[in-house]
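Novice: All you need for my numbering is the position in the sequence shown, starting with 1, plus 9.
Ideal placement from N, C-alpha and C gives every residue a C-beta, glycine not left out.
Below you will find the structure I want to go over with you.
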Amino acid sequence: MDKKNILNNSIIIDSHLDLLFDLVRQRKYGRKKVLIEDYLEDFKKGGVNVIVSSIYLDGEFLPEMALRRALKQINSLYEEIEESKDSFALCLSYNDIINTINDGKIAILLSFEGVEPLYNDISLLNVFYKLGVRLVGLTWSRRNFAGDGCYFGTIKEGKKGGLTEFGVSLIEKAEELGMLIDVTHLNDEGFWDVIEYSNQPVIASHSNSRALVNIMRNLTDEQIKAIAKAGGIIGINCANILVSDETDSKANIKGYVDHIEHIANLVGHKYVGFGFDLCDKIMKYVAEEELKGISRKSFDSIKGYADIPNIIEEMQRRNFSQEQITDILGNNFMEIFKKVLK
Ligand SMILES: [Zn+2]
């Protein structure tokens with residue numbers, strides 16, 4: 010089957026996009042229908058069916074404004090979807106996703122990228138669940154009440170710890186509610202605590218292989234094996250910093266597929282998917298302070314979702330079967346959504 014056919018006959022999922030980070034700002038400038046005007050064309054070019062949209066807060070809002078900023082971000086998505094009902098729907102369950110795709114719309118799921126909006130109050134998790142959040146990334150690359158994040162580079166800091174008591178309770182509560190735990194951005198100590206305390210599959214929504222690019226944000230082979238053993242999945246990130254070494258010589262589609270191939274060879278193709286983390290659009294909003302320890306200029310290794318057909322082509326060139334490609338494009342994530350989301 011050619012790449013266009015595969016594109017049109019597969020469910021395609023991106024498990025991480027900082028969409029709300031952009032929407033909330035664009036709407037502040039008075040814009041409306043940002044999803045339609047700035048995103049829809051690219052989603053369509055890549056045949057994208059499902060986007061996991063994260064609630065990410067920059068440091069300036071922490072800690073006092075985290076809750077309000079998160080609610081404002083969620084509201085910006087509610088307003089956008091209301092304005093673009095024919096093209097998008099907020100989904101809460103596997104069946105919601107299937108129905109939305111069958112209606113020819115793009116499904117959006119909400120995730121935490123760090124649980125700062127909860128501060129230290131576990132009861133708020135249920136409130137965010139009711140607002141539609143279904144994936145829980147415990148930390149961003151910083152410390153919060155749940156645990157320690159991992160930085161992008163080397164910074165001067167003291168000893169790190171694993172998950173806190175709050176972090177462990179959060180896993181239990183999230184799994185009870187039917188939310189999916191995301192280990193991306195956690196430090197290694199926290200990662201292994203999640204593996205110990207979780208009883209459901211856990212995902213790394215936007216992390217790559219540390220064997221290929223040695224950076225703390227990426228996962229070691231042992232960590233990849235542990236995620237696969239738990240029935241989870243790794244969404245491959247297209248940020249040059251995670252795809253290629255300092256020379257950026259592999260920050261392209263081939264470099265991106267190298268990470269897919271590494272994981273498929275290590276544990277099997279059922280445990281890998283897309284978590285593009287496309288950031289070129291939003292880098293203009295990111296303060297220097299947020300990029301502590303990164304000595305490199307950050308950019309996307311692919312040219313947006315429109316490059317998905319070329320990723321398919323590269324996987325075909327490496328002898329991935331049509332069935333394997335379809336699994337990686339979205340079926341793998343769908344199986345986990347079916348199993349975990351309530
Ligand atoms: Zn991230």
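(1) What are the boundary residues of the beta strand (DSSP E) that includes residue 122?
(2) Hey, would you say the C-beta of residue 31 is under 7 Å away from at least one heavy atom of ligand 1?
(3) Is residue 268 near ligand 1, going by C-beta to nearest heavy atom under 7 Å?
(4) Would you say residue 309 and residue 247 are within 8 Å of each other, going by their C-beta atoms?
(5) How about residue 158 and residue 195: do their beta carbons lie closer than 8 Å?
(6) Under the assumption that residue 276 contacts residue 237 (Cβ atoms under 8 Å), give the Cβ distance between them as a whole number of angstroms.
(7) Mind checking whether residue 127 and residue 142 have CB atoms under 8 Å apart?
(8) By how many angstroms is the C-alpha of residue 240 removed from the C-alpha of residue 212?
(9) Hey, could you find the ends of the alpha helix (DSSP H) residue 241 is sitting in?
(10) Leaving aside the five residues before and after residue 76 along the sequence, list all residues of the same chain whose C-beta is less than 6 Å from its C-beta, in chain order.
(11) Return yes when the Cβ of residue 115 is within less than 8 Å of the Cβ of residue 204, no when it is not.
(12) So for residue 192, helix, strand or coil by DSSP?
(13) Have a look at residue 24 and residue 62 and give me their C-alpha separation to the nearest angstrom.
(14) Mind checking whether the beta-carbon of residue 122 lies closer than 7 Å to any heavy atom of ligand 1?
(15) Between the stretch 288 to 303 and the stretch 316 to 325, do three or more beta carbon pairs fall short of 8 Å?
(16) Residue 101 by DSSP, collapsed to three states: which one?
(17) Where does residue 321 land, buried or exposed, given buried means 16+ other C-beta within 10 angstroms?
(18) Per DSSP, what are the beta-bridge partners of residue 282 in this structure?
Specialist: Working from what's here:
(1) 115 to 122
(2) no
(3) no
(4) yes
(5) yes
(6) 4 Å
(7) no
(8) 9 Å
(9) Note, residue 241: premise wrong, no alpha helix (DSSP H); not H, not E.
(10) 126
(11) no
(12) coil
(13) 8 Å
(14) yes
(15) no
(16) coil
(17) buried
(18) 244
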